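Only one structure is covered here, and it is reproduced in the block below.
In our numbering, the protein residues as written are 23 to 104.
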């Protein structure tokens with residue numbers, strides 16, 4: 023074998039080890055993350071705002087049955103910090 027082939031093979035192995043380590047580290051971090059909570063904000067006819075957990079089918083502008091003349095004014099995601 024020539025020296026060039028040995029050098030290129032060594033570089034390729036080092037890069038493979040580096041990318042394997044980066045992938046492993048990223049997947050380990052991702053598994054520790056807490057899932058985000060999604061909330062819906064509703065404004066009632068009297069001006070009061072209420073927050074509740076998101077329900078399938080919610081969208082901004084949708085009439086809400088939570089209170090009289092309620093309408094959904096926002097949907098947001100909240101992630102707890104460690």
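Here a beta-carbon is modelled for each residue, glycine too, at the ideal position from N, C-alpha and C.
Since the structure is predicted, the reported quantities are computational estimates derived from the model, not experimental observations.
Asked: Cross-strand partners of residue 48 (DSSP beta bridge); Found: DSSP, once it has assigned bridges, lists no residue as partnering residue 48.
Asked: Residue 43 in three-state terms, based on DSSP; Found: helix
Asked: The beta strand (DSSP E) enclosing residue 96, as first and last residue numbers; Found: 92 to 100
Asked: Same chain, Cβ closer than 8 angstroms to residue 58, five either side skipped, listed in chain order; Found: 99, 100, 101
Asked: The region 84 to 96 / the region 63 to 70 touching (three or more Cβ pairs under 8 angstroms); Found: yes
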